[in-house]
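Peer 1: Before we start, here is the structure in question, set down as structure tokens.
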Amino acid sequence: MKVKRVDGVLFEKMLVNGLNYLKQNEAKINEMNVFPVPDGDTGSNMRMTLENGLRSAKVNTNVGEYANELASGMLMGARGNSGVILSQIFKGFFEDIRRCSILDAREFMEGFIAGYKCAYDAVIKPVEGTILTVAREGIEHIRGQINRGMYIDSFFSIYVAEMKKSLEGTPNLLPCLKEAGVLDSGGAGYILIIEGMLKYLQDEIVDGEAIVTKDNNVIDTTKFDEYSNFDYGYCLEFILQLMVSKTDINKFNQKLFIKDLEGLGESLVVVKDGTKVKVHIHTKLPAHVITYAQTYGEFVAFKLENMALQHSSLASIEEDTKLEHVDLAKIAIVNGEELKQIYTELGCHIVLDGGKTMNTSSEEIIKAIKKCDAEKIVIFTNNKNIELACLQAIDVLKQDNIHMIKSKNSLRGYYALAMDEADNDNLDYRIKQMEAGVEAIKTITLFNASRNCNLNGVEVKKDNIVASDEDKILASSDDIYYIIKNSLEQINDISEKTMCIILKGKNFKYDTELLEKAINEANPYLEINYMDGGLEIYDAIIGLV
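Taking this note's numbering, the leading residue of the sequence shown gets 55, the next gets one more, and so forth.
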């Protein structure tokens, strides 16, 4: 297919082909894990993120309008670090091409440049040797070769080839990749998507299931008749184009805009994007909201629905009944019913199940936050894989009362939660206490190696027991006694006051006598407490505090 311009319909078909090509290689990407932990989910996270974007976007000949819905859907459905970064690449891409109805090669290039820059800005501490590097080098190294008159497949061919060169160099930028003998999985997944788009232009269609957009719900009008009570009001959603004839756009006061709308309804979400403002509100007075909004501009998109009909009112954020008011609401992401019960008993108000690989989406976190009626909200991430999705959720909501606690694993989160002084009126003090709890406990994770490798000078054989402190491998062997003894010798500050907590997983099959013997030899004063955590990835997490 030789084309020099791409409209929204062709762009969507290219992306679906990219998604299907990623799907074909999803397992391979998942296995490209630095640590030999059987929790690789990079391919799955990227696939689900792009899938959510495609399902959220209606086919549109205008590529800018289509990309807007696509990027919004990806933003809300982003899972894991790789998914969040992918969503940010497409967010930046959309922001650059938003006014384009069709794209030529030069506009594609400029969009991908804006995309990688947006992704870099979204990551607090960007690391080279990752998907960021691949996206940046791939496009920057070909800037001088791209012109408006070239065929689109030629542009994508050059882009893919340069990204593959960059991917091969990732181990030279990130020592852990070289040590593990793998390439960056996020970069590899991104290349598959772009290469799948190229394949469509080359008339190579990758088999896959059809993508069905989310907005296919049928309104059941029988649920509201002449005898119904009008209890719920309307769900009103619109995009407002600010107009220079009505307001000074440069001095638009978003806080005042929000304050005025808050008096007209509930569940208010306001997101300003350039000169447009997206609003979602539940109100019984839609005319008042509309009249107020028109003092600033005019509508470019508009949706009004009676909530009694229980129709999907907002593609990106579904509302749930709010919880009772509390001063400090606590949200946690865990895996399994056992941990959900443990966290609930410790006073956690909302406990999300992150699944086996802990890949909760930004949308799921947003829904949980919006259920809370609280002065302040804390979120225990319990896995580094969730932190970017959590930050993205906070950024979307634009609330300054949400605090993320980087608890790294479920046992750290458990101890931090236990440190909360619920009867203390000083909310900032309570949050600091919980943060201190995360740092106070030292943890060792135990799991079976998924492959052979050599990390941190430790030789790891497939199926051996591996001990890790989350950042590095401590020991590996088929002997639990050796594993525990060797690992504890590397942990400082173990004293007679130290308590040992062992959070057991579903596959906990160790000889507890040998395990306790090794612990007691490290410190005979250690008190050992067991908890059933139902962990799936780890056999156990040992905590010392």
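Every residue gets a Cβ at the ideal spot worked out from N, C-alpha and C, and that includes glycine.
None of these values were measured; they are calculated from a predicted model.
Using a Cβ-Cβ cutoff of less than 6 Å, which residues in the same chain neighbour L442 once the five nearest sequence positions on both sides are dropped?
Peer 2: Correct list, in chain order: N135 and V138.
Peer 1: Grouping DSSP H, G and I as helix and E and B as strand, with all else coil, what is E191?
Peer 2: Three-state result, E191: helix.
Peer 1: Give the single residue among F501, F210, G241 and Y468 whose Cα lies nearest to the Cα of G401.
Peer 2: It is Y468.
Peer 1: According to DSSP, simplified to helix, strand and coil, what is N600?
Peer 2: As displayed, the chain neither begins before 55 nor continues past 599, which places residue 600 out of reach and without an answer.
Peer 1: According to DSSP, simplified to helix, strand and coil, what is Q199?
Peer 2: Q199 falls in the helix class under three-state DSSP.
Peer 1: With a threshold of 7 Å on Cβ separation, who are the neighbours of K560 within its own chain once the five nearest residues in sequence on each side are excluded?
Peer 2: Correct list, in chain order: G588, L589 and E590.
Peer 1: How would you label N583, buried or exposed, when you count the other beta carbons within 10 angstroms and need 16 or more for buried?
Peer 2: The residue in question, N583, is exposed, as its Cβ has fewer than 16 Cβ neighbours within 10 Å.
Peer 1: Write down every uninterrupted run of the alpha helix (DSSP H) in the stretch 366 to 432 whose length is 4 residues or greater and which is fully enclosed by it, in chain order.
Peer 2: Taking only runs of at least 4 residues, the alpha helix (DSSP H) segments lying wholly in the stretch 366 to 432 are 391 to 399 and 416 to 425.
Peer 1: Under the rule that 16 or more other beta-carbon atoms within 10 Å means buried, what is G491, buried or exposed?
Peer 2: Under this definition G491 is a buried residue.
Peer 1: Applying the criterion that 16 or more other CB atoms from any shown protein chain within 10 Å of the CB defines a buried residue, is E66 buried or exposed?
Peer 2: Label assigned to E66: buried.
Peer 1: So, for K526: in the same chain, excluding its five sequence neighbours on each side, which residues have a beta-carbon less than 8 Å away from its beta-carbon?
Peer 2: Here the set comprises L509 and N510.
Peer 1: Based on Cα-Cα distance, which residue from A176, A215, E182 and G198 lies nearest to G615?
Peer 2: Because the chain here runs from 55 to 599, residue 615 falls outside it and cannot be looked at.
Peer 1: For a minimum of 3 consecutive residues, which ranges assigned as the beta strand (DSSP E) are wholly contained in the stretch 285 to 365?
Peer 2: If we require 3 residues or more, the beta strand (DSSP E) runs fully inside the stretch 285 to 365 come out as 288 to 296, 320 to 327, 330 to 337 and 351 to 360.
Peer 1: Report the rounded CA-to-CA distance for T414 versus A132, giving the unit in angstroms.
Peer 2: For T414 and A132, the distance between alpha carbons rounds to 8 Å.
Peer 1: If I follow the unbroken beta strand (DSSP E) through G559, where does it start and stop?
Peer 2: M553 to G559 is the extent of the beta strand (DSSP E) around G559.
Peer 1: Measuring straight from C-alpha to C-alpha, what distance separates F148 and V333?
Peer 2: If I take the Cα positions, the gap works out to 19 Å.
Peer 1: What does the alpha-carbon distance come out to for the pair E543 and E567?
Peer 2: So the alpha carbons of these two residues sit roughly 19 Å apart.
Peer 1: Just grab the DSSP bridge partners of N502 for me.
Peer 2: DSSP output for N502 lists I519 as bridge partner(s).
Peer 1: Restricting to runs no shorter than 4 residues, where is the alpha helix (DSSP H) found entirely within the stretch 68 to 140?
Peer 2: Qualifying alpha helix (DSSP H) stretches, in chain order: 80 to 84, 96 to 110 and 117 to 131.
Peer 1: Leaving out five residues before and five after D474 in sequence, what residues of the same chain have Cβ atoms less than 6 Å from its Cβ?
Peer 2: Correct list, in chain order: R484 and M488.
Peer 1: Using the C-alpha atoms, what's the distance from V514 back to I431?
Peer 2: Cα to Cα, the separation comes out at about 41 Å.
Peer 1: Taking just the CA atoms, how far does L231 sit from N606?
Peer 2: Not covered by the structure: residue 606. The range shown for the chain is 55 to 599.
Peer 1: According to the Cβ coordinates, are S239 and T96 closer than 8 Å?
Peer 2: Against a cut-off of 8 Å, the Cβ pair of T96 and S239 comes out as a contact.
Peer 1: Can you have a look at H403 and say buried or exposed, based on whether 16 or more other CB atoms are within 10 angstroms of its CB?
Peer 2: H403 is buried by the Cβ-count criterion.
Peer 1: Under the rule that 16 or more other beta-carbon atoms within 10 Å means buried, what is L315, buried or exposed?
Peer 2: Under this definition L315 is a buried residue.
Peer 1: What is the DSSP secondary structure of A529, counted as helix, strand or coil?
Peer 2: Reduced to three states, the DSSP call for A529 is strand.
Peer 1: Can you find the residues in the same chain that come closer than 6 Å, C-beta to C-beta, to M553, ignoring five residues on each side of it along the sequence?
Peer 2: Result list for M553: E581 and V599, in chain order.
Peer 1: Evaluate contact between the stretch 388 to 397 and the stretch 112 to 132, counting only Cβ atoms and requiring at least three cross-stretch pairs below 8 Å.
Peer 2: Cβ pair count under 8 Å is below three, so no.
Peer 1: State the DSSP-derived secondary structure class of K456, mapped to helix, strand or coil.
Peer 2: Inspection of the sequence shows that residue 456 is occupied by Ile rather than by Lys. Looking at I456 - three-state DSSP - the assignment turns out to be strand.
Peer 1: How would you write the range of the alpha helix (DSSP H) that G241 sits in, first residue to last?
Peer 2: Start and end: S239 to L255.
Peer 1: Whose C-beta lies closer than 7 Å to the C-beta of K171 among residues of the same chain, with five residues either side of it excluded?
Peer 2: So the list reads G146, once near-sequence residues are dropped.
Peer 1: Would you list the one or two residues that DSSP bridges to M585?
Peer 2: According to DSSP, M585 bridges with L557.
Peer 1: Figure out for me which residue from I448, I555, I423 and D207 has the closest Cα to the Cα of N58.
Peer 2: The amino acid at residue 58 is misidentified as Asn; the sequence shows Lys. Among I448, I555, I423 and D207, the Cα nearest to that of K58 is on D207.
Peer 1: Once you ignore the five residues that flank A447 on each side, which residues in its own chain have a CB closer than 6 Å to its CB?
Peer 2: If we look at A447 and ignore the five residues flanking it on each side, its Cβ neighbours are S416, I419 and I420.
Peer 1: Can you give me the start and stop residues for the alpha helix (DSSP H) that E216 sits inside?
Peer 2: It spans I206 to E222 - the alpha helix (DSSP H) in which E216 sits, taken as one unbroken run.
Peer 1: Helix, strand or coil for V60, going by three-state DSSP, please let me know.
Peer 2: Of the three classes helix, strand and coil, the one that applies to V60 here is strand, per DSSP.
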